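What follows is a single structure, written as structure tokens, with notes after it.
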Ligand SMILES: Nc1nc2c(ncn2[C@@H]2O[C@H](COP(=O)(O)OP(=O)(O)OP(=O)(O)O)[C@@H](O)[C@H]2O)c(=O)[nH]1
Ligand SMILES: [Mg+2]
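Shown next, in the form of structure tokens:
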């Protein structure tokens, strides 16, 4: 299967913890703090790569993780930074947040590069926390947490023109005639299973990209016959060339077929019917007598431009190409690019404000959260003033309440990062 959709979990690297250590020198009884800072965690980066044309790399593997920063060392040694993880995707990949389905970003430009998840910053070593009253701080800042997100990658091809219609009407035959693309042509349904792009050159040096979309059938908008996979690619095209079998080679009625396909387009995305649509009755070499009659009938019913062609003999093809080029000329800058609907920054900010209370195997109440971590970094709890501030903080943040909800009683131990104390109401 053509891999044009994948659901993956991405995770940046955690920041390395700051280090707690003290200088040790001969004849110096108590050296100052010399714990180094932790390294930065690696980012998750998406990069458009012209050599990649599908999402198959993301079908086999499910989780992609950047490396974490290393802990700082003695003698103010800085921990090693984590490595960024660069994920290559084809141009036209739209990244959605998996739970809400909202668009995070649309990678539609050549060589576009986006840092999707930021690695955690490294924690500061205890050498940063020495103050006049606190010369031997045993606290170092923990590294910032990693960011994790489940995303859906969707490839929506970027083509100017989408060729749509029932199977076997001659879409691929037309594309192979007009471009250097070599789609498979055969007399059976669903010969084409992946969208195929071809560049149609024009004599004036310009050209356009046409996508041969696999045949659609009734129910495609509900996903029948991989309909969703195919319809998705039409969304980005500017003009639709809607092809029917004008000779009813298989006994189908072209008028009914046009209606049926338009209904599927509308049900999938009403915007698709807003795109200029050129109707092409193909295989007219097999039904030359009814050409004018059919053309007029379709024009009257659908109020669209109609071309009767033979993709095999080439009859009428040139006129069709000029009409497509003319339509595109009028729509020059209408490329469909998806706006971002998902605020990543806010999403992860929420995480930082919260905290968790868990009971570990030693029966200690463990409180964690980056705001607490930050506060501990700036507060000297061993001074009276600092301790008062700390108590207030616990109350204001609702942490005392949360501890009580978990069933804490007098004398139980509370642990917050490097700090432990007994709880008394
Ligand atoms: N007589 C006649 N036959 C044609 C013409 N165009 C295509 N065909 C034949 O119709 C059959 C299907 O052609 P394809 O180009 O594979 O059709 P398609 O629309 O791409 O089909 P799917 O990929 O299955 O959706 C082949 O046997 C072609 O030779 C035409 O203008 N005249
Ligand atoms: Mg085909």
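In our numbering, the protein residues as written are 1103 to 1527.
Positions of the beta carbon are idealized from the N, C-alpha and C atoms, including for glycine.
Remember, predicted model here, so these are calculated numbers, not experimental data.
Using a 10 Å radius around the Cβ and a threshold of 16 neighbouring Cβ atoms, would you call residue i buried or exposed?
i, result
"residue 1437", "exposed"
"residue 1103", "Unreliable placement is indicated for residue 1103, whose pLDDT of 43 sits below 50; no coordinate value is reported for it."
"residue 1494", "exposed"
"residue 1481", "buried"
"residue 1405", "exposed"
"residue 1225", "buried"
"residue 1379", "buried"
"residue 1162", "exposed"
"residue 1465", "exposed"
"residue 1339", "buried"
"residue 1292", "exposed"
"residue 1305", "exposed"
"residue 1121", "buried"
"residue 1108", "buried"
"residue 1127", "exposed"
"residue 1363", "buried"
"residue 1513", "exposed"
"residue 1372", "exposed"
"residue 1519", "buried"
If we call anything under 8 Å between Cβ atoms a contact, is residue i one with residue j?
i, j, result
"residue 1360", "residue 1336", "no"
"residue 1232", "residue 1134", "yes"
"residue 1467", "residue 1502", "no"
"residue 1261", "residue 1313", "yes"
"residue 1067", "residue 1357", "This structure gives no information on residue 1067, because the portion of the chain shown stretches from 1103 to 1527."
"residue 1205", "residue 1441", "yes"
"residue 1298", "residue 1283", "yes"
"residue 1479", "residue 1457", "no"
By alpha-carbon positions, which one of the options ends up nearest to residue i?
i, options, result
"residue 1444", "1198, 1140 and 1483", "1198"
"residue 1189", "1219, 1175 and 1380", "1219"
"residue 1142", "1426, 1329, 1173 and 1278", "1173"
"residue 1400", "1369, 1355, 1456 and 1373", "1355"
"residue 1532", "1434, 1122 and 1110", "Any property of residue 1532 remains undetermined from this structure, which presents the chain solely from 1103 to 1527."
"residue 1475", "1329, 1517 and 1150", "1517"
"residue 1123", "1153, 1240 and 1206", "1240"
"residue 1422", "1358, 1251, 1341 and 1207", "1341"
"residue 1511", "1500, 1520, 1519 and 1524", "1524"
"residue 1317", "1483, 1284, 1308 and 1327", "1327"
"residue 1368", "1334, 1463 and 1397", "1334"
"residue 1223", "1251, 1180 and 1300", "1180"
"residue 1160", "1253, 1311, 1186 and 1175", "1253"
Subject >> Meets three-Cβ-pair contact criterion under 8 Å: the stretch 1262-1281 and the stretch 1341-1356 >> reply: yes
**OP:** Could you tell me which uninterrupted beta strand (DSSP E) segments, each at least 3 residues in length, are contained entirely in the stretch 1294-1372, listed from first to last along the chain?
**Re:** 1298-1303, 1309-1314 and 1341-1347
Subject >> Segment contact flag, the stretch 1165-1179 with the stretch 1115-1126, C-beta cutoff 8 Å, min 3 pairs >> reply: yes
Original post:
What alpha helix (DSSP H) runs, 4 residues minimum, are completely inside the stretch 1464-1509?
Top reply: 1472-1480, 1486-1498 and 1501-1507
Original post:
Does the stretch 1139-1153 come close enough to the stretch 1206-1219 that 3 or more CB-CB pairs lie under 8 Å?
Top reply: yes
Original post:
Is the stretch 1364-1383 close to the stretch 1241-1255, with three or more CB pairs under 8 Å?
Top reply: no
Original post:
Between the stretch 1275-1283 and the stretch 1403-1421, are three or more C-beta pairs nearer than 8 Å?
Top reply: yes
Subject >> Three-pair Cβ contact test at 8 Å for the stretch 1385-1397 versus the stretch 1414-1428 >> reply: yes
**OP:** Could you name each continuous beta strand (DSSP E) segment of 3 residues or more that falls completely within the stretch 1162-1229, going from the start of the chain to the end?
**Re:** 1165-1167, 1187-1191, 1195-1199, 1205-1209 and 1215-1219
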